[in-house]
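Student:
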Amino acid sequence: MEPKFLQLLSCILLLLLPNPFSLFTHAADPPDAQKPSAMDFLQTLIGARKGTTSKGISQLKKYLSHLGYMNRDDDDQTNDFFDDNLELAVKRYQTSFKREVNGIMDANTIAKMSRTRCGVPDHYSHNRSHELYLHIPTFSSHYTFFPGEPKWPATKRNLTYSFKPGTRADVHNPILHATQMWANVSHFRFTHIHNDMAFILMR
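Each residue of the sequence shown is one higher than the one before, starting from 8 at the first, in this note's numbering.
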């Protein structure tokens, strides 16, 4: 009776244990192995320039279109040919990120594109195709999110902010922390004041 019970218990335990072979497959992966990135396709495009046909160029076109460097309505985004429109988009990207403006997918440009970033477009107005196709605008890394590309006036760098009455108390510290972070990496300075005349009113 006892041996049968032990056999039954052993079988149940074996069924409850995870697959022992899975331990070896996970252990075989080195701890510092890099996970594949959605931007890995860029590595195949080093040196790509106008006139090149290469796998991954259509992905590059879609990426630059999403960020606002190409017209979204361009029918040529599905092919892998490096055309005039893509060259202008690459030049615009290089200008925006202060890279050498040559229209070539050089190592420096690819290194910048490969970095993790948010998905918010750098340029919002996709419909002004004449600006993109006829010339490369000279601008620096000012990001716009609204039509008309509004920017802070150069003279407006000290911004006051206030919380409207009734604002939850747990919001104050995160906002204070965020404004300090922005001040550390930008030309803006933020001052919390307690009246409605603040430049920014938080709700």
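Every residue gets a Cβ at the ideal spot worked out from N, C-alpha and C, and that includes glycine.
1) Comparing alpha-carbon positions, which option in ASN92, GLU107 and ILE200 lies nearest GLY58?
2) Any chance you could list the alpha helix (DSSP H) runs of at least 4 consecutive residues sitting entirely within the region 75-115, in chain order?
3) Tell me whether LEU183 is buried or exposed, calling it buried when 16 or more other Cβ atoms sit within 10 Å of its Cβ.
4) Can you have a look at SER103 and say buried or exposed, based on whether 16 or more other CB atoms are within 10 angstroms of its CB?
5) List the endpoints of the continuous beta strand (DSSP E) containing ILE200.
6) In whole angstroms, what separates the C-alpha of ASP83 from that of LYS69?
7) I need the DSSP call for PHE48, collapsed to helix, strand or coil.
8) At what residues does the beta strand (DSSP E) containing THR60 begin and finish?
9) With 16 as the cutoff for other CB atoms within 10 Å, does PHE89 come out buried or exposed?
10) Express the C-alpha separation of THR51 and ALA161 in angstroms, rounding to a whole number.
11) DSSP on ILE207, reduced to helix/strand/coil?
12) Can you tell me the Cα-Cα spacing of ALA114 and SER121, whole angstroms?
13) With DSSP as the reference, identify every bridge partner of GLY72, one or two as the case may be.
14) Return the chain-ordered list of same chain residues with a C-beta closer than 7 Å to the C-beta of PHE195, the five sequence neighbours on each side being excluded.
15) Using the beta-carbon count (16 or more within 10 Å), is VAL245 buried or exposed?
16) Using C-beta distances below 6 Å, list every residue in its chain close to ARG106, excluding the 5 sequence neighbours before and after it, in chain order.
17) Shortest alpha-carbon distance to VAL97 belongs to which of THR85, ILE53 and GLY126?
18) Please state whether DSSP places SER169 in a helix, a strand or coil.
19) Taking the alpha carbon of GLY75 as the reference point, which residue from GLY126, MET46, PHE197 and THR60 has its own alpha carbon closest?
20) My output table needs one value for HIS130: the three-state DSSP class, helix, strand or coil.
21) Helix, strand or coil, according to DSSP, for THR123 in the structure here?
Tutor: Walking through what the data contain:
1) If you number the sequence shown from 1, residue 58 lands on position 51. Taking only the C-alpha atoms, the option nearest GLY58 is ASN92.
2) DSSP runs (the alpha helix (DSSP H)) wholly in the region 75-115: 91-103.
3) On the sequence shown, position 176 is the one that residue 183 refers to. The residue in question, LEU183, is exposed, as its Cβ has fewer than 16 Cβ neighbours within 10 Å.
4) Within the sequence shown, numbered from 1, the residue matching residue 103 stands at position 96. By the neighbour-count rule (16 or more Cβ atoms within 10 Å), SER103 is buried.
5) As a first step, residue 200 must be located in the sequence shown, where it is residue number 193. That residue, ILE200, is in no beta strand (DSSP E); it is neither H nor E in DSSP.
6) Position 76 of the sequence shown holds residue 83. Position 62 of the sequence shown holds residue 69. Cα to Cα, the separation comes out at about 10 Å.
7) Here residue 48 refers to the residue found at position 41 when the sequence shown is read from its first residue. Three-state DSSP puts PHE48 in a helix.
8) To locate residue 60, count along the sequence shown from 1; it is residue 53. Premise fails: THR60 is in no beta strand (DSSP E) and is neither H nor E.
9) By 1-based counting over the sequence shown, the position of residue 89 is 82. Classification for PHE89: buried.
10) Position 154 of the sequence shown, counting from 1, holds the residue named residue 161. Position 44 of the sequence shown, counting from 1, holds the residue named residue 51. Approximately 41 Å between the Cα atoms of the pair.
11) Position 200 of the sequence shown, counted from the first residue, corresponds to residue 207. Correct three-state label for ILE207: strand.
12) Start at 1 with the first residue of the sequence shown, and residue 114 comes out as number 107. Start at 1 with the first residue of the sequence shown, and residue 121 comes out as number 114. Between ALA114 and SER121, the C-alpha separation is close to 10 Å.
13) As a working mapping, residue 72 is identified with position 65 in the sequence shown. Looking at the sequence itself, residue 72 is Ser, so the reference to Gly does not match. Bridge partners of SER72: none, in fact.
14) Here residue 195 refers to the residue found at position 188 of the sequence shown. Once the five neighbours on either side are set aside, the close Cβ partners of PHE195 are ARG164, LEU166 and TRP189.
15) In the structure displayed, the chain extends from 8 to 210; residue 245 sits before or after that span and is not available.
16) In the sequence shown, the residue the question calls residue 106 occupies position 99. Around ARG106: ASN115 and THR116.
17) Mapped onto the sequence shown, residue 97 falls at position 90. Ranking the options by Cα distance to VAL97, first place goes to ILE53.
18) Start at 1 with the first residue of the sequence shown, and residue 169 comes out as number 162. Three-state DSSP puts SER169 in a strand.
19) Sequence index remark: in the sequence shown, residue 75 carries index 68 (1-based). The candidate whose alpha carbon is nearest that of GLY75 is GLY126.
20) Translated into the one-based positions of the sequence shown, residue 130 becomes position 123. If DSSP states are grouped into helix, strand and coil, HIS130 belongs with coil.
21) Start at 1 with the first residue of the sequence shown, and residue 123 comes out as number 116. In this structure, THR123 counts as coil in the three-state DSSP scheme.
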